[in-house]
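In the numbering used here, the protein residues as written are 8 to 504.
This report concerns only the one structure given below.
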């Protein structure tokens, strides 16, 4: 069915155009769909400083300043609305998808290139990064560019691709230091096959190493600052867990409420993928594997590209340096290679005359990716905008707003039109309840309403526990208002003794 549909060039162009329009709609149509969350408010705080302060603060906070300086310049032109702040991330994500698509078409041909486009473009993980005021979609774009440039340079020997490789690395390290995983993966592959690419070693080495040389002062400065960041115990993080997380994220599962619903589907997809690649190895040894129409396949490079980030993150966790591990978004660097590996599995089945099975597997992969995206778009996110708006509609003079576990989230009150709030904050999660109790007993309003706002695991917060624990002091006036991961509840204070 698909072969006959895509055989005609006009139909093919129409299908490709429709996919691109849908992907662009996903990336650019939901920029203000969810309110900003904690890390995005950190970004907003950072870009409000001077450029020199941005550089110093980001290096001291375990990040490089490139993205923040660029966003700061952009915000002077476009403003700081949700759409304006997130637009550069969406551009990076969309451009990264285009790069992966064209690389897929280069490796597999235009028809299977459409599968690459669908898997990359509808990936909820990429969509998530493209609608966040953070640097991870930029990392996705530069990693995709590096992979494409390296493959094309090793295939053709054209110097311009070595230049593209260097430029992608320079931009990548400026945005996020984890671009070094891409450089490391490329270096491992070129070193392992140096005899094959002997006449191109210098160009490949220059393209891979030049960014590291150029940014040596930045990397050294970052490393020195890490002694000031502090130590975090990551407690038993294993390579298996990293690989499992990488595999789930390859098809877009970022761990929202839909995880349980799609777990079985993801397991089936993963088992199918593994079975096909085992069969591929067997068929290749028996000489039954049909070659792709490319000078060099580079599939070992794709596997190295996929495996280096989980292994690197696992090794980094052994240093116990803060923020080197934990956030799943760091795995965005595997996404370009993962999509190509999934597409190769489909191509192998089609090449062995299992076209119907290949179509079914490819469709299964796309449907899972779309399902994850659908559930993501239904997720309310942080809910900070809605909760602040709820407060703005209901608070009166004399009322007091208290928050817990706030950090950068307290900026939501000013950002969403409720300046001067909250009246008190408890920053540390481990003692926020105790700190809040102490403050409430000393400063709770005698006549007005007490509004308690809680982020994250609101089920364990004072917003629900206070009435049961101290009914003589706090009397709830209304039901708990919950939106996303934020909750708020009004109380009347009978006694503060």
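For every residue, glycine included, the Cβ atom is placed at its ideal position computed from N, Cα and C.
Close beta carbons around residue i, own chain, < 6 Å, minus the five adjacent residues each side
i, result
"residue 499", "482 and 484"
"residue 25", "none"
"residue 393", "490"
"residue 92", "140"
"residue 142", "74, 182 and 183"
"residue 5", "Residue 5 lies beyond the range of the chain shown here (8 to 504); nothing can be said about it."
"residue 455", "405 and 406"
"residue 286", "none"
"residue 20", "none"
"residue 305", "158"
"residue 428", "408 and 420"
"residue 522", "A question about residue 522 goes unanswered here, because the residues of the chain that appear run from 8 up to 504."
Own chain, CB closer than 7 Å to residue i, minus 5 neighbours either side, in chain order
i, result
"residue 279", "368"
"residue 186", "146, 149, 150, 176, 179 and 180"
"residue 365", "353, 356 and 357"
"residue 302", "Residue placement at residue 302 is flagged as unreliable, the pLDDT there being 44, under the threshold of 50; the coordinate-derived value follows with that caveat. Excluding residues within five positions, the ones whose Cβ falls inside 7 Å are 162."
"residue 416", "45, 48, 391 and 462"
"residue 307", "196"
"residue 221", "177"
"residue 430", "407, 408 and 409"
Opposing strand residues paired with residue i [DSSP bridges]
i, result
"residue 459", "409 and 496"
"residue 95", "DSSP lists no partner for residue 95."
"residue 483", "498"
"residue 489", "494"
Cutoff 8 Å; reference residue i; Cβ partners in own chain excluding five residues on either side
i, result
"residue 1", "Any property of residue 1 remains undetermined from this structure, which presents the chain solely from 8 to 504."
"residue 77", "95"
"residue 226", "180, 184 and 219"
"residue 38", "89, 90, 93, 94, 97 and 138"
"residue 206", "164"
"residue 396", "423 and 424"
"residue 470", "Since pLDDT at residue 470 reaches only 47, below the 50 mark, its modelled position is unreliable, and no value is offered."
"residue 370", "none"
"residue 191", "315 and 319"
Closer than 8 Å to chain B by CB, residue i
i, result
"residue 50", "The displayed structure is made up of one protein chain only, and chain B is not part of it."
Cβ-based burial, residue i [other Cβ within 10 Å; buried from 16]
i, result
"residue 89", "buried"
"residue 33", "buried"
"residue 70", "buried"
"residue 388", "buried"
"residue 28", "exposed"
"residue 488", "buried"
"residue 426", "exposed"
"residue 486", "exposed"
"residue 84", "exposed"
"residue 238", "Any reading at residue 238 must be qualified, since the residue scores a pLDDT of 37, below 50, and its modelled position is unreliable; the value itself is stated next. The residue in question, residue 238, is exposed, as its Cβ has fewer than 16 Cβ neighbours within 10 Å."
"residue 110", "buried"
"residue 224", "exposed"
"residue 242", "Only weak support is given to the placement of residue 242: the predicted model assigns it a pLDDT of 43, under 50, and the question is left unresolved by the model."
"residue 336", "buried"
"residue 275", "exposed"
"residue 209", "exposed"
"residue 312", "buried"
"residue 294", "exposed"
"residue 30", "buried"
"residue 343", "buried"
"residue 36", "exposed"
"residue 398", "buried"
"residue 59", "exposed"
Decide yes or no for the touch test of the region 37-52 against the region 145-163: beta carbon pairs closer than 8 Å, at least 3 of them. no
Is the region 130-140 in contact with the region 169-178, if contact means three or more CB pairs nearer than 8 Å? no
Just checking, does the region 58-78 make contact with the region 153-166 on the three C-beta pairs under 8 Å criterion? no
At a cut of 8 Å, does the region 375-389 reach the region 286-293 through at least three beta carbon pairs? no
Contained alpha helix (DSSP H) runs [length at least 4] in the region 119-185, N- to C-terminal order: 131-137, 143-163 and 166-182
Threshold first: 4 residues or longer. Then list the alpha helix (DSSP H) segments lying entirely within the region 360-412, N to C. 362-385 and 391-401
For the region 10-71, which segments carrying the beta strand (DSSP E) assignment without a break, of at least 3 residues, lie completely within its bounds, in sequence order? none
Completely contained alpha helix (DSSP H) runs for the region 203-228, where each covers 4 or more residues: 208-221
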